[in-house]
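Respectively, the protein sequence lines represent chains G and Y. Numbering of the first sequence is given in the numbering used here, commencing with residue 591 and proceeding in unit increments. Numbering of the second sequence is given in the numbering used here, commencing with residue 41 and proceeding in unit increments. Even for Gly, the Cβ is constructed at its ideal location relative to N, Cα and C. Remember, predicted model here, so these are calculated numbers, not experimental data.
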Amino acid sequence: MNGNMEYPLYIHTLSRDEAMEWIMDEYGESLKRFIYTYVKNKAQTDDIFQEVLFTVYQKIDTFQGRSSLKNWLYRITANKCKDYLRSPFHRIFIWKEEISGEVTNSTPENTYLLDEQKRTVIEAILKLPIKYREVLILQYYKEFTIQEISDLLKVNPSTIKTRIMRAKEKLKDLLKEDFLNE
Amino acid sequence: MSNLSKKDFDAYFGKNSLYSEDDKEKFFNRVHKVRRKRHVIPQLLTVAFVIGFLAIGITLVKDGSLFLTPGDSPSELDQVQIPNKYDQENESTVSTAIDETITFPGGTIHLHTFEMGVSKNRMYGTVELEDGIKLLNGDGTIDIGGDHPLISLYFHNEEPESNNIVIESEAFNQVPDDITITIHNIHLYGNDSYEFTIDTSELEDSDSLPRRDMSQKIAEIKDTSIFLDRVSYTNDGLQFTIVYKAKKENQQIELASYSINEYFGEESAGSPNLITARNNNGDIGKVHGGSMAEGIFSQTYYKSFAESSEYIDVTVENLLYLVRVNKSVHFELEKK
């Protein structure tokens with residue numbers, strides 16, 4: 591979670607513009623990374639992020655604090671990404687590489703911070719089909735609980751657990767290694 | 041797997057790699073149509089406000105009145121007004137007959153009906169295009185006046201043989217007296233094409249070979265120069281990169297590096313920006329991956345295909361054009 595940023599009450603005391611500014615400051619980077627895990631393309635991440643913001647702007651009055659703000663934002667974002675991926679203009683084949691302004695993971699700092707095995711696993715996760723990729727991203731990266739993922743994706747918890755299990759199996763196939771054993 | 045954590049993903053992405061103030065500026069420009077000045081409130085004061093407002097918020101929750109009414113809060117809130125006549129469940133609509141025409145290079149759009157709904161607005165019309173030209177999609181905005189944000193609209197032609205179009209947008213938050221529709225961009229595609237040949241003997245050892253910048257101009261179409269910018273082996277296979285460079289910035293029509301489609305049989309024949317790579321044996325290459333951004337795209341073919349080829353002829357056909365329309369129509373809406 592994002593520490594002390596979970597203040598839906600606070601959001602409701604702000605004007606719409608101020609609320610949007612706050613949301614962008616607090617969640618901008620993490621939401622864009624989340625979008626990137628779906629589309630793996632920076633230009634499309636930028637576009638979808640704008641669409642997410644616009645939807646949030648239009649619907650923020652309807653946010654009633656029944657779920658956390660974070661869950662609400664991620665739900666909107668996941669839906670926008672999947673709408674995009676379902677659109678007829680999305681290219682069917684797998685995106686392998688960015689051309690410009692790419693999300694680079696080859697800086698010396700990152701190379702130092704992230705061991706090679708974990709990098710390989712993350713890259714393999716990003717190659718999984720969306721329904722498996724998103725549950726692993728939500729669980730391991732975004733640190734949502736099974737119940738939260740269930741609420742967010744509107745899929746029952748047992749299905750989420752099954753998807754996570756199958757996602758790991760598919761990862762094993764991809765990685766051909768047995769370090770996934772828990 | 042159990043060791044994988046948020047920290048690892050963050051390290052993978054790098055620090056603040058995707059979000060920037062440009063995103064914020066772009067968003068506020070969109071919703072306010074004008075550049076927005078940043079608030080210059082000292083952080084300390086902001087914290088004080090937050091604490092104060094939080095206390096008010098908690099009080100409101102205890103009162104069961106979390107959702108504010110004007111005057112309940114020291115800060116102004118935008119109010120969403122949904123007219124009573126809207127039936128939320130049955131999606132009642134209010135139609136306005138219109139007669140508006142927007143012309144652009146290559147065609148005309150005629151709009152005949154604007155339908156205002158609870159969850160969506162729809163505008164119906166027809167598109168007339170020059171022979172051989174097809175509509176892929178378009179975008180624009182609806183201005184309902186005042187300080188209300190612009191509403192995005194988007195349309196595409198699901199049935200290329202039909203000239204009917206439906207333009208959809210998000211519903212209005214309130215019923216305006218009149219609206220201004222602006223069509224910004226349209227993507228059209230026609231019969232233009234270009235081709236080039238890759239000599240695989242120039243790409244000998246794969247993994248150790250650095251990328252080459254060929255900067256080879258292939259053609260010039262719609263005032264856009266086309267360059268074969270790079271051909272190389274990557275870990276995934278043979279990759280080439282195409283760069284489009286328009287003669288002038290924001291010229292009315294130029295080639296678009298968008299909706300790139302690979303050949304996958306006869307079904308793909310009519311697709312825009314259709315790329316076919318055929319080698320000296322007559323085999324058609326299978327695409328391993330690709331990417332695109334504004335003015336540039338790349339395509340990667342399986343290495344086995346490249347290795348079994350002496351040369352590869354690449355054809356890009358049904359080229360897609362970006363047409364900058366930027367034309368508006370204004371009309372009054374029926375209220376019932």
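Query raised in the report: Would Y:Asn312 be called buried (16 or more neighbouring beta carbons within 10 Å of its own) or exposed?
Result: The question names Asn, but residue 312 of chain Y is Pro in the sequence shown. Per the 10 Å Cβ criterion, buried.
Query raised in the report: Does the Cβ of Y:Asp63 have 16 or more other Cβ atoms within 10 Å, making it buried, or fewer, making it exposed?
Result: buried
Report task. Sort Y:Asp179, Y:Phe280 and Y:Asn319 by Cα distance to Y:His224 and report the nearest one. Result -> Y:Asp179
Requested in this report: Would you list the residues sitting across from Y:Thr274 in a DSSP beta bridge?
Outcome: For Y:Thr274, which the question treats as bridged, DSSP gives no partner whatsoever.
Requested in this report: Could you confirm whether any beta carbon from chain G is found closer than 8 Å to the beta carbon of Y:Ser45?
Outcome: yes
Report task. Please report how far the alpha carbon of G:Thr652 lies from the alpha carbon of G:Leu659, in whole angstroms. Result -> If you take the alpha carbons of G:Thr652 and G:Leu659, they lie about 12 Å apart.
Query raised in the report: Skipping 5 residues on each side, what residues in its chain have a beta carbon closer than 6 Å to that of Y:Val369?
Result: Setting aside the 5 residues that flank it on each side, Y:Val369 is surrounded in the same chain by Glu140 and Ile221, each with a C-beta closer than 6 Å to its C-beta; the list follows chain order.
**Report entry** Any non-hydrogen atom of the ligand PLP within 7 Å of Y:Asp139 CB
**Finding:** Absence of the ligand PLP is noted for the structure shown, with no ligands found whatsoever.
Report task. Work out the CA separation of G:Ile727 and G:Asp741 for me, nearest whole Å. Result -> 15 Å
Query raised in the report: Cα-Cα, which of Y:Ile238, Y:Lys160, Y:Asn321 and Y:Lys47 is closest to G:Ile712?
Result: Y:Lys47
Report task. Tell me, please, whether the segment 189–207 of chain Y touches the segment 158–173 of chain Y by the rule of three or more beta-carbon pairs shorter than 8 Å. Result -> yes
**Report entry** Runs of beta strand (DSSP E) wholly within the segment 164–227 of chain Y (minimum 3 residues, chain order)
**Finding:** DSSP runs (the beta strand (DSSP E)) wholly in the segment 164–227 of chain Y: 174–183, 191–196 and 204–210.
Query raised in the report: Nearest chain G C-beta to Y:Arg70 closer than 8 Å, yes or no?
Result: yes
Query raised in the report: Any C-beta of chain Y sitting closer than 8 Å to the C-beta of G:Ala633?
Result: yes
Query - Where G:Arg709 meets chain Y, residues with beta-carbon distance less than 9 Å - result: Within chain Y, the residues near G:Arg709 are Asp48, Ala51 and Tyr52.
Query raised in the report: Alpha carbon to alpha carbon, what distance is there between G:Gln737 and Y:Tyr194?
Result: 35 Å
Query - G:Lys636 burial status per 10 Å Cβ neighbour count (16 or more: buried) - result: For the sequence presented, residue 636 of chain G should be read as Asp rather than Lys. Buried is the call here.
Query raised in the report: Exposed or buried, what is Y:Asn321 when buried is set at 16 or more other beta-carbons lying within 10 Å of its beta-carbon?
Result: So Y:Asn321 counts as exposed.
Report task. Spell out whether any CB of chain G is found under 8 Å from the CB atom of Y:Lys64. Result -> Taking a beta-carbon distance threshold of 8 Å, Y:Lys64 counts as an interface residue toward chain G.
Query raised in the report: Do the CB positions of Y:Ile315 and Y:Gln292 come within less than 8 Å of each other?
Result: no
Query raised in the report: Out of curiosity, what's the CA-to-CA distance linking Y:Gly92 and Y:Asn213?
Result: For Y:Gly92, the predicted structure reports a pLDDT of 47, less than 50, and the residue's modelled location is therefore unreliable. The matter cannot be settled from this model.
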